[in-house]
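Trainee: Sharing a structure below in structure tokens format, with a few things to ask.
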């Protein structure tokens with residue numbers, strides 16, 4: 576998949592730069608032609624000689640080096656690659672990119688390129704959480720730059736939280752997603768993922784334990800096959816899939832509007848665990864205990880997103896796949912939901928307390944349509960995603976035949 580691809584790896588300053596050596600090594604082993612670029616700050620953490628030895632290529636690090644320019648100008652260099660990976664991407668480099676600065680070779684390459692860019696942020700947790708950094712991330716997402724990580728964990732500074740650079744294998748997975756099989760090229764899919772939260776007061780909400788892992792895996796599998804994906808996600812802790820258009824929502828109403836605004840689409844996977852009810856009158860102040868008196872709430876049903884899309888006359892996706900999280904009578908309830916919602920497939924799974932399906936990394940599912948009821952073996956959520964997407968790919972091929 577990666578053999579023969581050309582990837583520029585930009586290494587910026589930060590203790591996580593040592594991980595980039597492993598990234599360069601593994602990319603080279605997979606047959607990738609790696610062109611390494613280093614910022615001045617990166618040289619404080621790893622040496623150009625070490626990077627060059629692993630990449631088996633010269634390191635480019637000086638915008639004004641006449642020798643470098645004679646070999647390949649920075650404009651040509653920026654357009655010679657199939658992908659640019661920035662790992663680690665420091666807070667400084669992210670800020671420079673977001674504001675269009677180009678005062679060294681690395682930042683100039685990003686500004687001049689017309690290829691895709693993947694960044695792996697790495698910084699102190701306070702820097703990552705800073706509103707300015709988050710604004711910069713949002714700006715770069717808007718112009719199509721994608722991110723993998725950061726992850727949560729212990730940091731070199733002794734603090735704990737989000738800011739650790741994604742593991743090398745995670746970055747490799749995202750690179751492979753970019754270059755994957757393109758059976759669904761030209762197709763647009765909507766994927767909903769994660770939970771929704773229906774506010775009760777400024778602190779509390781009605782929610783569920785959905786992690787968003789299955790929806791994210793499905794979006795990644797679709798992208799790997801070349802599909803354009805609009806990813807509508809409730810609040811989750813995992814990173815959104817690289818290469819997708821991400822719309823973040825909180826409530827069922829927001830998800831409903833986001834899905835309908837993303838139409839038309841060729842297909843839609845409704846994996847999100849959407850709340851069934853919402854509070855009619857949200858309290859303006861935090862509720863407090865009152866001498867044993869229990870609070871009461873008037874509830875109303877939320878919009879049925881799956882049914883609303885399945886029953887469209889205009890702009891209905893060719894294939895609509897719903898998910899059913901059940902605790903009993905799995906197959907019976909799945910068939911009932913299929914008929915009631917009007918979708919093409921239901922993927923039903925058992926989310927009873929002992930299964931650890933919600934929040935876990937494995938899933939056991941039954942694929943149900945009007946024609947079939949197929950029990951799928953227990954597998955990882957990534958493997959299930961690949962299985963489902965392959966089946967949908969085949970259905971599109973049959974339609975086009």
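Residue numbers (the working numbering): 576 to 976. We treat Cβ as the ideally placed atom computed from N, Cα and C, and that holds for glycine. Please read these numbers as outputs of a predicted model, since none were measured by experiment.
Helix, strand or coil: how does DSSP classify residue 596 here?
Mentor: Of the three classes helix, strand and coil, the one that applies to residue 596 here is helix, per DSSP.
Trainee: List the endpoints of the continuous alpha helix (DSSP H) containing residue 658.
Mentor: Counting along the chain, residue 658 falls outside any alpha helix (DSSP H), though it belongs to the beta strand (DSSP E) covering 658-664.
Trainee: Buried or exposed for residue 871, going by 16 or more other Cβ atoms inside 10 Å?
Mentor: It is exposed - the Cβ of residue 871 has fewer than 16 other Cβ atoms within 10 Å.
Trainee: Should the region 614-629 be called in touch with the region 690-699, which here means at least 3 C-beta pairs below 8 Å?
Mentor: They do not touch, by the three-pair rule.
Trainee: From residue 763 to residue 806, what does the alpha carbon distance come to, in whole angstroms?
Mentor: Their Cα atoms are separated by approximately 11 Å.
Trainee: With a threshold of 8 Å, are at least 3 pairs of Cβ atoms found where one atom belongs to the region 954-965 and the other to the region 905-913?
Mentor: Cβ pair count under 8 Å is below three, so no.
Trainee: Going by DSSP in three states, residue 916 sits in which element: helix, strand or coil?
Mentor: Helix at residue 916.
Trainee: Within 7 Å: the Cβ of residue 856 and any heavy atom of the ligand MG?
Mentor: Only the bare structure without any ligand can be found here, which leaves the ligand MG out of the picture.
Trainee: Helix, strand or coil, according to DSSP, for residue 768 in the structure here?
Mentor: If DSSP states are grouped into helix, strand and coil, residue 768 belongs with the strands.
Trainee: Label residue 662 either buried or exposed according to how many other C-beta atoms from any shown protein chain fall within 10 Å of its C-beta, with 16 as the threshold for buried.
Mentor: With 16 or more Cβ atoms within 10 Å of its Cβ, residue 662 is classed as buried.
Trainee: Please go through the same chain and pick out, in chain order, the residues whose beta-carbon is closer than 7 Å to the beta-carbon of residue 598, but skip the five residues on each side of it.
Mentor: Only 584, 662, 743, 746 meet the Cβ criterion.
Trainee: Within a Cβ cutoff of 6 Å, which residues of the same chain sit near residue 722, ignoring the five residues on either side of it in sequence?
Mentor: These residues qualify, in order along the chain: 694.
Trainee: State buried or exposed for residue 859, treating a residue as buried only when at least 16 other CB atoms are found within 10 Å of its CB.
Mentor: Looking at its Cβ environment, which holds fewer than 16 other Cβ atoms inside 10 Å, residue 859 is exposed.
Trainee: Let me know if residue 919 comes out buried or exposed under the rule of 16 or more other beta-carbons within 10 Å of its beta-carbon.
Mentor: Under this definition residue 919 is a buried residue.
Trainee: Which whole-angstrom value is the C-beta distance of residue 793 and residue 766, which I expect to be below 8 Å?
Mentor: Correct: roughly 6 Å between the Cβ atoms.
Trainee: I need the DSSP call for residue 876, collapsed to helix, strand or coil.
Mentor: Residue 876 falls in the strand class under three-state DSSP.
Trainee: Could you pull the start and end residues of the alpha helix (DSSP H) that residue 694 belongs to?
Mentor: First-last for residue 694: 692-696, but that is the beta strand (DSSP E), not the alpha helix (DSSP H).
Trainee: Given a cut-off of 8 Å, decide if residue 826 and residue 772 are closer than it, judged by their beta-carbon atoms.
Mentor: A contact, by the Cβ cut-off of 8 Å.
Trainee: Quick one: what does DSSP say residue 797 is sitting in, helix, strand or coil?
Mentor: Of the three classes helix, strand and coil, the one that applies to residue 797 here is helix, per DSSP.
Trainee: Is it buried or exposed, residue 768, if we count other Cβ atoms within 10 angstroms and call 16 or more buried?
Mentor: Its Cβ being crowded by 16 or more others within 10 Å, residue 768 is buried.
Trainee: Exposed or buried, residue 735, counting other C-beta atoms within 10 Å across all chains shown (16 or more means buried)?
Mentor: Answer is exposed; the Cβ neighbour count stays below 16.
Trainee: Where residue 822 and residue 866 are concerned, what is the direct C-alpha to C-alpha distance, given to the nearest angstrom?
Mentor: Between residue 822 and residue 866, the C-alpha separation is close to 43 Å.
Trainee: Considering only their Cβ atoms, is the gap separating residue 612 from residue 602 smaller than 8 Å?
Mentor: Their beta carbons are not under 8 Å apart, which means residue 602 does not touch residue 612 by this criterion.
Trainee: Just the C-alpha distance for residue 716 and residue 650, rounded to the nearest angstrom, thanks.
Mentor: For residue 716 and residue 650, the distance between alpha carbons rounds to 23 Å.
Trainee: Rounding to the nearest angstrom, what Cα-Cα distance links residue 899 and residue 586 in this structure?
Mentor: Spanning the two alpha carbons is a distance of roughly 44 Å.
Trainee: Buried or exposed: where does residue 784 fall if 16 or more other Cβ atoms within 10 Å of its Cβ makes it buried?
Mentor: Answer is exposed; the Cβ neighbour count stays below 16.
Trainee: Helix, strand or coil for residue 965, going by three-state DSSP, please let me know.
Mentor: Three-state result, residue 965: helix.
Trainee: Check the C-beta distance from residue 894 over to residue 884 and give it rounded, since I have them as a contact under 8 Å.
Mentor: Not confirmed; about 11 Å, so no contact.
Trainee: Answer with buried or exposed for residue 674, where buried requires no fewer than 16 other C-beta atoms within 10 angstroms of its C-beta.
Mentor: So residue 674 ends up on the exposed side.
Trainee: Less than 7 Å between C-beta atoms, sequence neighbours within five positions excluded: which residues of the same chain meet that for residue 1017?
Mentor: Nothing about residue 1017 can be reported from this structure: the residues present for the chain run from 576 to 976 only.
Trainee: Which of the three DSSP states is assigned to residue 619 in this structure?
Mentor: Looking at residue 619 - three-state DSSP - the assignment turns out to be helix.
Trainee: Can you give the Cα-Cα distance for residue 644 and residue 681, rounded to whole angstroms?
Mentor: For residue 644, the predicted model reports a pLDDT of 49, less than 50, meaning its position is unreliable and no value from the coordinates is stated.
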